[in-house]
Amino acid sequence: MKDKFLQFIAQTSDAPIGLEISYAEGPVIYTTDGKEYIDFISGIAVSSLGHRHPKVIEAIQAQIDKHLHVMVYGEFVQKPQVEFAELLVRQLPQKLDQVYFVNSGTEANEGAMKLAKKHTGRTKFVAFKNSYHGDTQGSLSVTGRDVYRDPYLPLLPDVHFLEFNSWDKLDTIDRDTAAVIMEPIQGEGGIIPAEKEWLQEIRKRCDETGTLLIFDEIQSGFGRTGALFAFQEYEVVPDILSLAKAMAGGMPMGAFVSSSEYFPAFKYDPPLNHVTTFGGHPVSAAAAHANLKELLRGNYLKRATQIESTIKSRLKGKGIVEVRGKGAMLGLQMTNKVLTQSVVEHCFEKGILLGWTLHSDTLIRLAPPLIIKEELLEQVLETILQAVSKYV
Ligand code: PMP
């Protein structure tokens, strides 16, 4: 199967991990050669409730017995979409009162940016160095890493990149700016939380200039950081919130949430000016509804905070600079690249999946599922520590 995978599936790397998946359940992925891997990256912050959470599976099964896709987004009333949108909006500040469903993270940002342009009548964007917002052309235009952008230039004009957490040049946000787009906790940039006062200043600057503030919580959302959404701990409310990844318990789905005052921009001049065929697919929506109900019912947010304190207190010593981040969205900063690679490889041999981030080669990504038990967590941390002491 591996040969055919390399032959028929377009590749994005010369060295894909290449695990041949048999099945996945809870925190574990099982391969066809009989091995087990503890998924300590959750498919990159997707399966926060573990793989195949029973409530999510039940909702998917019930929905496929009713209907699959029936009509492009927004034309028919589909109960799973409506129920999920209502529950989601009820968790958010009043201003974020309507949801537009898409299929992925990058599409959420594309829609968010178009909404900001249409609402403000402006075209300029302010974004941040080392950000990651997705690989389609609009999202790539606001992604702050030249090596990924350069091969695809020209991208959107009038995008300005500022240093993350820097008070310099905030006057770049001006009356020509449609929106500031940012991750409250940079993910691919190396798990870097925004400073609270700085984020509040950006909100202030946006208010003063009539600029919309887009928070990309595609990675940090749905409980990963110990709050349902990271922005809730910053006491800064965005005008548009982009979501995806963990939203639908392992099914593909994205969304941008904003105000019912702004969304009419998609209805006029011309009508139907932002549409999608599969956005809000009923099976994904049913899964997302079950996933969110479970997140709200269980103790998962608290668990994310416990995971943070266990990991931060255990992972210390020579070779480790720090553990950064919030909840179960953490980065283990190592002293050098060779050590980083050796630790990840050693853990892989021992059946633990650790990850990288796109913009850093000295950081190990730790994003365990929130259902992970303390005993298994300890076991993983012990293996990481053994690897560090072996290779440091
Ligand atoms: N924004 C952020 C913050 C992300 O982490 C990602 C994915 N890593 C995206 C956008 C893009 O999401 P998708 O891969 O679903 O397009």
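Using the numbering used here, the letters of the sequence shown map in sequence onto residues 9 to 400.
A virtual CB, placed ideally from N, CA and C, is assigned to each residue, including glycine.
Three-state secondary structure assigned by DSSP to residue i
| i | result |
| --- | --- |
| residue 206 | helix |
| residue 341 | strand |
| residue 99 | coil |
| residue 146 | helix |
| residue 19 | coil |
| residue 397 | helix |
| residue 261 | coil |
| residue 301 | helix |
| residue 280 | coil |
| residue 369 | strand |
| residue 319 | helix |
| residue 34 | strand |
| residue 190 | strand |
| residue 185 | strand |
| residue 136 | strand |
| residue 74 | coil |
Expected contact under 8 angstroms - CB spacing of residue i and residue j to nearest Å
| i | j | result |
| --- | --- | --- |
| residue 104 | residue 249 | 6 angstroms |
| residue 309 | residue 235 | 6 angstroms |
| residue 114 | residue 149 | That belief does not hold up - the Cβ atoms of residue 114 and residue 149 are roughly 11 angstroms apart, past 8 angstroms. |
| residue 228 | residue 192 | 6 angstroms |
| residue 48 | residue 362 | 6 angstroms |
| residue 50 | residue 376 | 7 angstroms |
| residue 151 | residue 118 | Incorrect: roughly 12 angstroms between the Cβ atoms, too far for contact. |
| residue 293 | residue 88 | 4 angstroms |
| residue 400 | residue 347 | 6 angstroms |
| residue 138 | residue 153 | 6 angstroms |
| residue 242 | residue 204 | 6 angstroms |
CA-to-CA distance, residue j to residue i, given in whole angstroms
| i | j | result |
| --- | --- | --- |
| residue 273 | residue 295 | 29 angstroms |
| residue 403 | residue 297 | Residue 403 is absent from the model: the chain starts at 9 and stops at 400. |
| residue 67 | residue 374 | 29 angstroms |
| residue 96 | residue 300 | 8 angstroms |
| residue 106 | residue 93 | 7 angstroms |
| residue 58 | residue 37 | 10 angstroms |
| residue 214 | residue 327 | 41 angstroms |
| residue 20 | residue 157 | 16 angstroms |
| residue 345 | residue 398 | 15 angstroms |
| residue 267 | residue 91 | 18 angstroms |
| residue 264 | residue 395 | 41 angstroms |
| residue 9 | residue 349 | 27 angstroms |
| residue 210 | residue 240 | 16 angstroms |
| residue 43 | residue 391 | 17 angstroms |
| residue 12 | residue 269 | 50 angstroms |
| residue 82 | residue 116 | 16 angstroms |
Sub-7 angstroms separation of residue i and residue j beta-carbons
| i | j | result |
| --- | --- | --- |
| residue 247 | residue 221 | yes |
| residue 133 | residue 187 | yes |
| residue 199 | residue 34 | no |
| residue 161 | residue 136 | no |
| residue 360 | residue 25 | no |
| residue 232 | residue 337 | yes |
| residue 330 | residue 341 | yes |
| residue 385 | residue 343 | no |
| residue 6 | residue 262 | The structure shown does not extend to residue 6, since the chain is modelled only from 9 through 400, so no value can be given for it. |
| residue 283 | residue 54 | no |
| residue 378 | residue 56 | yes |
| residue 225 | residue 140 | no |
| residue 189 | residue 217 | no |
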